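Asker: Below you will find the structure I want to go over with you.
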Amino acid sequence: MAKPTSYFPELKRDWWLKHSYFKKYMAREATVLPLVFFVACLLAGLYSLLQGMESWQGWLQFMQHPMVIALNALAFIASLFHAWTFFQLFPRVMPLRVAGRTLPPNLMVLGQWLGVVAVMVLATWIFLRGL
Amino acid sequence: MTIKQISIQRYLPEQGSAPYWQEFDVPFDDSTSILDALNYVKEELDGSLSYRWSCRMAICGSCGVMVNNTPKLGCNSFLREYQGPVKIAPLAHFPVEKDLIIDMTLFLDHLAAVQPYLINDSGEGSDTFKQTPAQMEKYKQFSGCINCGLCYSACPQFGLNPEFLGPAALTLAHRYNLDSRDQGKKQRMPQMNREEGVWSCTFVGFCSEVCPKNVDPAAAVNQGKVESAKDMLIGIFKS
Amino acid sequence: MSNNTSDKMKRSDEPIWWGLFSAGGVCFAVFVPAAILFIALLIPAGIISTGAVSFERAQSMVFSLPGLIFIGVVICLPLFHAAHRIRHGLHDLKLGKERQNKIVTYGCAALISALALVGFVIGAL
Chain A
520 MAKPTSYFPE LKRDWWLKHS YFKKYMAREA TVLPLVFFVA CLLAGLYSLL
570 QGMESWQGWL QFMQHPMVIA LNALAFIASL FHAWTFFQLF PRVMPLRVAG
620 RTLPPNLMVL GQWLGVVAVM VLATWIFLRG L
Chain B
5 MTIKQISIQR YLPEQGSAPY WQEFDVPFDD STSILDALNY VKEELDGSLS
55 YRWSCRMAIC GSCGVMVNNT PKLGCNSFLR EYQGPVKIAP LAHFPVEKDL
105 IIDMTLFLDH LAAVQPYLIN DSGEGSDTFK QTPAQMEKYK QFSGCINCGL
155 CYSACPQFGL NPEFLGPAAL TLAHRYNLDS RDQGKKQRMP QMNREEGVWS
205 CTFVGFCSEV CPKNVDPAAA VNQGKVESAK DMLIGIFKS
Chain C
-4 MSNNTSDKMK RSDEPIWWGL FSAGGVCFAV FVPAAILFIA LLIPAGIIST
46 GAVSFERAQS MVFSLPGLIF IGVVICLPLF HAAHRIRHGL HDLKLGKERQ
96 NKIVTYGCAA LISALALVGF VIGAL
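Residue numbers (our numbering), protein chains in the order written: chain A, 520 to 650; chain B, 5 to 243; chain C, -4 to 120.
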């Protein structure tokens, strides 16, 4: 136990503003906020798709609102920032060993980015086929 | 020699309850460490200044202080690295006894809780335990800890909840769990499985940034999460 | 002492939430960028014709097996990822109580995921 003569400063809730490293940490944690907005857009889209053609057209128009595009652009940047941080953590949390050797972390990060590119290519094919 | 002004956080419990900042002018060159600066202040300017130090070569781990809000070993960081003001304070998230001296009891209790030593009752290898270089490679990175406590001062989760076992203790637990000579994993897992074990960590990662021995405690703690998750799954299948 | 120790040594239920958080984190990093880029940026901005998501086409895409996978990796798992980070973020900002934060964040993620799956089932039938 701390002696009564000692001084023990309590961590205040603005602790993360005191160091640039902690601001970056909070930015990483906050990437989920624009993500939630995008997911909410998708749920609205699913609902309108169930409502019928007119409702679906309304949703497509809603998605064109400059404010909605701006927030989703933020979500896009947030998803890439999240990917950048998340891919670096992965080799540290689960170092993969192949033939008795740990895979170089950079190779694992690169492999994950290739996954992102592959999904982009897949999405291009899905949305552009038959147009 | 040029002169640099440094600010040191003073706390003298016998004179008053509030800490305060005091400025000192310290001559320095390229080889002047933060610890050298503190020694200069004590010897030449104010003999009442209290701080811990011993080896001055980053192995004893006793001269940790906050320099501009970042945990550092005084002997291992130099005045030449700081262009602007230099503010030296006691290590964060610990009770302060006097000036730059903290009470490390909490840290030592957390270390002891994970039984950071070889546990092996098999009787074999009673002279020496054999270990191959490949077996040693598995834990070697995590065995460089000098118990300086910088990672605890870098960890906001420890700052928010002092009950959190914290980076160094969890790293040592993982280090011994990975050791081929050790059989104590079963005894350590209940500590790691707790809310205040590995699960209070949110991978801020600052502990690994400040570690003077590049132990990467954040990686060890998060590998500990994988182990704890496996331990839970095994428990479910066994029951 | 022994009672106290066993109480303190209680196993955390965090592996469940951490597992969902990690799975959601992978989805957020690998699948979500493409989803946002196409659905929320390129098509609304008119760079890709809205014909790509005409009512009939959207219906056949969403209410199919690939559509179900899409709902899983772009809606449900990322929601649990978000819930986990929001819960720990509240703790970081010293807001709310741990138990209540957990119930509200994971509860919302579970409820919204269930609604999305119900919507899928209604559309697929």
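We treat Cβ as the ideally placed atom computed from N, Cα and C, and that holds for glycine. Please read all numbers here as calculations on a predicted model, not as lab measurements.
In whole angstroms, what is the alpha-carbon distance linking Phe605 of chain A and Lys543 of chain A?
Answerer: Residue 605 of chain A sits at position 86 when you count from the first residue of the first sequence. Residue 543 of chain A sits at position 24 when you count from the first residue of the first sequence. Straight-line Cα distance between these residues: approximately 13 Å.
Asker: Looking at the C-beta of Glu9 of chain C, does it have a partner C-beta in chain B at a distance below 8 Å?
Answerer: By 1-based counting over the third sequence, the position of residue 9 of chain C is 14. Chain B, which has a Cβ nearer than 8 Å to the Cβ of Glu9 of chain C, makes this yes.
Asker: Given this structure, state the Cα-to-Cα distance separating Trp57 of chain B from Ser66 of chain B, to the nearest angstrom.
Answerer: In the second sequence, counting from the first residue as 1, residue 57 of chain B sits at position 53. In the second sequence, counting from the first residue as 1, residue 66 of chain B sits at position 62. Rounded to the nearest angstrom, the two C-alpha atoms are 5 Å apart.
Asker: DSSP state of Asp200 of chain B, grouped into three classes?
Answerer: Working through the second sequence from its first residue, we reach residue 200 of chain B at position 196. Note on identity: in this sequence residue 200 of chain B is Glu, with Asp being the wrong assignment. Note: Glu200 of chain B maps to coil in three-state DSSP.
Asker: Would you identify the three-state DSSP class for Gln161 of chain B, choosing helix, strand or coil?
Answerer: If you number the second sequence from 1, residue 161 of chain B lands on position 157. Here Gln161 of chain B sits in helix by DSSP.
Asker: Using 8 Å as the cut-off, can you tell me whether the segment 3 to 11 of chain C makes contact with the segment 207 to 214 of chain B, which would need three or more C-beta pairs spanning the two stretches below that distance?
Answerer: Result no; under three Cβ-Cβ pairs closer than 8 Å.
Asker: Show which residues of chain C have a CB atom less than 7 Å away from the CB atom of Ser232 of chain B.
Answerer: Residue numbering aside, residue 232 of chain B sits at position 228 when the second sequence is read from its first letter. Correct list: Pro10.
Asker: Using CA coordinates, which residue listed in B:Glu141, B:Tyr143, B:Ile92, B:Gln135 is at the minimum distance from Pro38 of chain B?
Answerer: Working through the second sequence from its first residue, we reach residue 38 of chain B at position 34. One detail in the question is off: residue 38 of chain B reads as Ile in this sequence, not Pro. Nearest of B:Glu141, B:Tyr143, B:Ile92, B:Gln135 to Ile38 of chain B, Cα basis: B:Ile92.
Asker: Below 7 Å on C-beta distance, what does Gln654 of chain A contact in chain C?
Answerer: In the structure as shown, chain A begins at 520 and stops at 650. Residue 654 of chain A is therefore absent and cannot be evaluated.
Asker: If you draw a straight line from the alpha carbon of Met5 of chain B to that of Cys79 of chain B, how long is it in whole angstroms?
Answerer: Taking the first residue of the second sequence as 1, we reach residue 5 of chain B at position 1. Taking the first residue of the second sequence as 1, we reach residue 79 of chain B at position 75. If you take the alpha carbons of Met5 of chain B and Cys79 of chain B, they lie about 19 Å apart.
Asker: Could you check which residue in B:Asn72, B:Leu53, B:Phe28 has the C-alpha nearest to that of Tyr540 of chain A?
Answerer: The count along the first sequence starts at 1 and reaches residue 540 of chain A at position 21. Nearest C-alpha to Tyr540 of chain A: B:Asn72.
Asker: Is the Cβ-Cβ distance between Leu115 of chain B and Ala173 of chain B less than 8 Å?
Answerer: Reading the second sequence from its first residue, position 111 is the one you call residue 115 of chain B. Reading the second sequence from its first residue, position 169 is the one you call residue 173 of chain B. Yes; because the gap between Cβ atoms is below 8 Å, this pair is in contact.
Asker: Cα separation between Lys522 of chain A and Ala96 of chain B?
Answerer: Walking along the first sequence from the start, residue 522 of chain A turns up at place 3. Walking along the second sequence from the start, residue 96 of chain B turns up at place 92. Unreliable positioning characterises Lys522 of chain A in this predicted model, as indicated by a pLDDT of 47, which lies under 50. A coordinate reading is not provided.
Asker: Which residues mark the beginning and the end of the alpha helix (DSSP H) in which Pro137 of chain B is found?
Answerer: Numbered from 1 along the second sequence, position 133 holds the residue referred to as residue 137 of chain B. Counting along the chain, the alpha helix (DSSP H) containing Pro137 of chain B begins and ends at 137 to 144.
Asker: My output table needs one value for Leu176 of chain C: the three-state DSSP class, helix, strand or coil.
Answerer: Nothing in the structure corresponds to residue 176 of chain C, since chain C is present only between -4 and 120.
Asker: Where does Ala637 of chain A land, buried or exposed, given buried means 16+ other C-beta within 10 angstroms?
Answerer: On the first sequence, residue 637 of chain A is found 118 positions in, with the first residue counted as 1. Label assigned to Ala637 of chain A: exposed.
Asker: Would you be able to state if there are at least three C-beta pairs under 8 Å between the segment 616 to 629 of chain A and the segment 20 to 31 of chain C?
Answerer: They do not touch, by the three-pair rule.
Asker: May I ask you to verify whether the segment 83 to 100 of chain C touches the segment 32 to 46 of chain C, counting CB pairs closer than 8 Å and requiring at least 3?
Answerer: Because the criterion of three Cβ pairs below 8 Å is not met, the segment 83 to 100 of chain C and the segment 32 to 46 of chain C do not touch.
Asker: State whether the segment 178 to 187 of chain B contacts the segment 141 to 151 of chain B, with contact taken as three or more CB pairs (one from each stretch) at a distance under 8 Å.
Answerer: With a cut-off of 8 Å, the segment 141 to 151 of chain B and the segment 178 to 187 of chain B count as touching, because enough Cβ pairs lie within range.
Asker: If I'm right that Ala642 of chain A touches Phe33 of chain C with Cβ under 8 Å, what's the distance once you round it to whole angstroms?
Answerer: Your numbering for residue 642 of chain A matches position 123 in the first sequence. Your numbering for residue 33 of chain C matches position 38 in the third sequence. Yes, they are in contact, since the Cβ atoms of Ala642 of chain A and Phe33 of chain C sit about 5 Å apart, within 8 Å.
Asker: So what's Gln570 of chain A in DSSP terms, helix, strand or just coil?
Answerer: Within the first sequence, numbered from 1, the residue matching residue 570 of chain A stands at position 51. DSSP places Gln570 of chain A in helix when its eight states are reduced to three.
Asker: On the DSSP letters alone, give me the boundaries of the beta strand (DSSP E) that Gln9 of chain B sits inside.
Answerer: One-based indexing of the second sequence puts residue 9 of chain B at position 5. Here the beta strand (DSSP E) through Gln9 of chain B covers 6 to 14.
Asker: Leaving out five residues before and five after Trp13 of chain C in sequence, what residues of the same chain have Cβ atoms less than 8 Å from its Cβ?
Answerer: Stepping through the third sequence from its first residue, residue 13 of chain C is reached at position 18. Contacts found: His79.
Asker: Along the segment 600 to 616 of chain A, where does the CB come closer than 7 Å to a CB of chain B? Name the residues.
Answerer: Listed in sequence order: Leu608, Arg611, Val612, Met613.
Asker: Measure how close the beta-carbons of Val100 of chain B and Tyr526 of chain A come, nearest whole angstrom, since I'm counting them as under 8 Å.
Answerer: Along the second sequence, one-based indexing puts residue 100 of chain B at 96. Along the first sequence, one-based indexing puts residue 526 of chain A at 7. That pair is a contact at about 5 Å.
Asker: Flag this pair as yes or no: are the beta carbons of Ala77 of chain C and Val555 of chain A separated by less than 8 Å?
Answerer: Translated into the one-based positions of the third sequence, residue 77 of chain C becomes position 82. Translated into the one-based positions of the first sequence, residue 555 of chain A becomes position 36. Result yes, Cβ atoms of Ala77 of chain C and Val555 of chain A sit closer than 8 Å.
Asker: Below 8 Å, how does it come out for the segment 606 to 622 of chain A and the segment 39 to 57 of chain B: are there three or more Cβ pairs, yes or no?
Answerer: Short answer: they don't touch.
Asker: Do you know offhand how far Val219 of chain B's Cα is from Leu154 of chain B's?
Answerer: Position 215 of the second sequence, counted from the start, is the residue given in the question as residue 219 of chain B. Position 150 of the second sequence, counted from the start, is the residue given in the question as residue 154 of chain B. Near 12 Å, if we compare the C-alpha coordinates of Leu154 of chain B and Val219 of chain B.
Asker: Can you tell me where the alpha helix (DSSP H) holding Asp34 of chain B begins and where it ends?
Answerer: Residue mapping note: residue 34 of chain B aligns to position 30 of the second sequence, counting from 1. From DSSP, Asp34 of chain B is part of no alpha helix (DSSP H); its letter is neither H nor E.
Asker: Mind checking Trp25 of chain B: buried by the 16 CB within 10 Å criterion, or exposed?
Answerer: To locate residue 25 of chain B, count along the second sequence from 1; it is residue 21. Exposed, since its Cβ has fewer than 16 Cβ neighbours within 10 Å.
Asker: Taking 8 Å as the threshold (beta carbon to beta carbon), is Leu169 of chain B in contact with chain A?
Answerer: Within the second sequence, numbered from 1, the residue matching residue 169 of chain B stands at position 165. Output row for Leu169 of chain B: interface = no.
Asker: Could you spell out the range, first to last residue, of the beta strand (DSSP E) harbouring Thr74 of chain B?
Answerer: Along the second sequence, read from residue 1 onward, the residue named residue 74 of chain B stands at position 70. Where Thr74 of chain B is concerned, the enclosing beta strand (DSSP E) stretches over 74 to 77.
Asker: Look at the alpha carbon of Phe56 of chain C and the alpha carbon of Gly62 of chain C, and state the distance between them as a whole number of angstroms.
Answerer: Mapped onto the third sequence, residue 56 of chain C falls at position 61. Mapped onto the third sequence, residue 62 of chain C falls at position 67. Correcting the residue identity first, residue 56 of chain C is Met in this sequence and not Phe. Cα to Cα, Met56 of chain C sits roughly 6 Å from Gly62 of chain C.
Asker: Let me make sure I understand the geometry here. Which of C:Phe58, C:Val99, C:Ala29 has the alpha-carbon closest to that of Phe75 of chain C?
Answerer: Locating residue 75 of chain C in the third sequence gives position 80, where the first residue counts as 1. If we check each option's Cα against that of Phe75 of chain C, C:Val99 comes out closest.
Asker: Assuming Val612 of chain A and Ala223 of chain B are in contact, meaning their beta carbons sit under 8 Å apart, how far apart are those beta carbons, in whole angstroms?
Answerer: Here the question's residue 612 of chain A lines up with position 93 in the first sequence. Here the question's residue 223 of chain B lines up with position 219 in the second sequence. Going by Cβ atoms, the distance from Val612 of chain A to Ala223 of chain B rounds to 7 Å, so yes, they are a contact pair.
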